[in-house]
């Protein structure tokens, strides 16, 4: 009798703890969803610029694709985590125990997904930073064409990250001489800075004068380094946040599996 009573009490406490964790998970999912929406709206143009790299066959496409689709990924993960928390809260009660096996499987898949995505977002910025081949490819195929086609947009990117040009020193005097060949390092350097480049004018680039002054003041810091540095600085927060969510999900999996075993034993 004593052992049976203790087992029932344990089951009761376990179901309540699982319900509390489920509510916390749902709230976490809601926060992630809102964060994804905010990034999607606020960083729309920057996101489009990054995703543009995935439209051509370049080295490093797989690396940048994860970052370009980050807001959408956060929105999807947030929705899944939110509803998974709600379902877990419902199945933690005695009448919903029949759904616990399926819920345990879903929680396990979600746990692995959050863990893998967190690791990817932690590693990707460092891989991009150390991939010189990808840097040159992105500079020649995305950054330089963007300067020529939409200098106002590139200037907005420079303002957003307080940088000038793609790499450090791209707006210096050494880059002001027209190159003798196309699509070379000198070509990229020459077209890197919309404000200081002689290829842009006030007709297609109304902010040219302001951009020229801005780039002269920030030419020591290239936009590639500025963006990557910001991503790297946030990568630790990403892995910590992902670890916390994964930890909560792991606790849910353990409690859910325990309740499943109790159901199988007729408790």
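In the numbering used here, the protein residues as written are 29 to 295.
Ideal Cβ placement from N, Cα and C applies to all residues, glycine included.
Model, not experiment: these values are computed from the prediction.
### Query
If we ignore side chains and look at the alpha-carbon of each, how far apart do residue 161 and residue 246 end up?
Within the chain shown, numbered from 1, the residue matching residue 161 stands at position 133. Within the chain shown, numbered from 1, the residue matching residue 246 stands at position 218. Looking at the two C-alpha atoms, the distance is approximately 25 Å.
### Reference residue 48; option with closest CA among 277, 237, 285
Your numbering for residue 48 matches position 20 in the chain shown. Ranking 277, 237, 285 by Cα distance to residue 48 puts 277 first.
### Task
Return the Cβ separation of residue 149 and residue 110 in integer angstroms, given the expectation that the two are a contact with Cβ distance under 8 Å.
In the chain shown, counting from the first residue as 1, residue 149 sits at position 121. In the chain shown, counting from the first residue as 1, residue 110 sits at position 82. Taking 8 Å as the upper bound for CB-CB distance, residue 149 and residue 110 are not in contact here, some 20 Å apart.
### Task
Tell me whether residue 195 is buried or exposed, calling it buried when 16 or more other Cβ atoms sit within 10 Å of its Cβ.
Locating residue 195 in the chain shown gives position 167, where the first residue counts as 1. Flag for residue 195 reads buried.
### Task
Take every Cβ of the stretch 251-265, pair it with every Cβ of the stretch 154-169, and state whether three or more of those distances are shorter than 8 Å.
They touch, by the three-pair rule.
### Query
Does the Cβ-Cβ distance between residue 116 and residue 43 come in under 7 Å?
Sequence index remark: in the chain shown, residue 116 carries index 88 (1-based). Sequence index remark: in the chain shown, residue 43 carries index 15 (1-based). In this structure, residue 43 does not lie closer than 7 Å to residue 116 by Cβ.
### Query
Helix, strand or coil: how does DSSP classify residue 223 here?
Looking up residue 223 in the chain shown gives position 195. Assignment of residue 223 by DSSP, reduced to helix, strand and coil, places it in the coil class.
### Message
Can you tell me whether residue 247 is helix, strand or coil according to DSSP?
### Response
Within the chain shown, residue 247 is the residue found at index 219, counting from 1. Residue 247 sits in coil when the DSSP states are folded into three classes, being neither helix nor strand.
### Query
Under 7 Å, do residue 106 and residue 61 count as touching if we go by C-beta distance?
If you number the chain shown from 1, residue 106 lands on position 78. If you number the chain shown from 1, residue 61 lands on position 33. A distance below 7 Å separates the beta carbons of residue 106 and residue 61.
### Message
Quick check on DSSP: helix, strand or coil for residue 118?
### Response
Locating residue 118 in the chain shown gives position 90, where the first residue counts as 1. Looking at residue 118 - three-state DSSP - the assignment turns out to be helix.
### Query
Excluding five sequence neighbours on each side, which residues of the same chain lie with their C-beta closer than 8 Å to the C-beta of residue 242?
As a first step, residue 242 is located in the chain shown; it is residue number 214 there, counting from the start. These residues qualify, in order along the chain: 183, 186, 187, 192, 223.
### Task
For residue 66, count neighbouring Cβ atoms within 10 angstroms of its own Cβ and tell me buried if that reaches 16, exposed if not.
Taking the chain shown and counting its residues from 1, the one referred to as residue 66 is at position 38. With fewer than 16 Cβ atoms within 10 Å of its Cβ, residue 66 is classed as exposed.
### Message
With a threshold of 8 Å on Cβ separation, who are the neighbours of residue 19 within its own chain once the five nearest residues in sequence on each side are excluded?
### Response
Here the chain covers residues 29 to 295 and nothing more, so residue 19 does not appear.
### Message
Assuming residue 64 and residue 102 are in contact, meaning their beta carbons sit under 8 Å apart, how far apart are those beta carbons, in whole angstroms?
### Response
Taking the chain shown and counting its residues from 1, one reaches residue 64 at position 36. Taking the chain shown and counting its residues from 1, one reaches residue 102 at position 74. Rounded, the Cβ-Cβ distance is 3 Å, consistent with contact.
### Simplified DSSP assignment, three categories, for residue 106
Taking the first residue of the chain shown as 1, we reach residue 106 at position 78. Three-state DSSP puts residue 106 in a helix.
### Query
Expressed to the nearest angstrom, what Euclidean distance is found between the alpha-carbon atoms of residue 45 and residue 189?
Taking the first residue of the chain shown as 1, we reach residue 45 at position 17. Taking the first residue of the chain shown as 1, we reach residue 189 at position 161. Roughly 44 Å separates the two Cα atoms.
### Task
Whole angstroms is fine: what's the gap from residue 248's alpha carbon to residue 197's?
Locating residue 248 in the chain shown gives position 220, where the first residue counts as 1. Locating residue 197 in the chain shown gives position 169, where the first residue counts as 1. Distance from the CA atom of residue 248 to the CA atom of residue 197, rounded to whole angstroms, is 5 Å.
### Message
Using 7 Å as the threshold, is the C-beta distance between residue 55 and residue 280 below it?
### Response
As a first step, residue 55 is located in the chain shown; it is residue number 27 there, counting from the start. As a first step, residue 280 is located in the chain shown; it is residue number 252 there, counting from the start. In this structure, residue 280 does not lie closer than 7 Å to residue 55 by Cβ.
### Query
Run through DSSP, which three-state label would residue 193 get?
Here residue 193 refers to the residue found at position 165 when the chain shown is read from its first residue. If DSSP states are grouped into helix, strand and coil, residue 193 belongs with coil.
### Message
Quick check on DSSP: helix, strand or coil for residue 166?
### Response
Numbered from 1 along the chain shown, position 138 holds the residue referred to as residue 166. Helix, per DSSP.
### Query
What span of residues does the alpha helix (DSSP H) with residue 234 cover, start to end?
Locating residue 234 in the chain shown gives position 206, where the first residue counts as 1. From DSSP, residue 234 is part of no alpha helix (DSSP H); its letter is neither H nor E.
### Query
Using the C-alpha atoms, what's the distance from residue 174 back to residue 225?
Numbered from its first residue, the chain shown carries residue 225 at position 197. Numbered from its first residue, the chain shown carries residue 174 at position 146. Looking at the two C-alpha atoms, the distance is approximately 13 Å.
### residue 260 and residue 99 closer than 7 Å at C-beta
Working through the chain shown from its first residue, we reach residue 260 at position 232. Working through the chain shown from its first residue, we reach residue 99 at position 71. No, the Cβ-Cβ distance between residue 260 and residue 99 is not below 7 Å.
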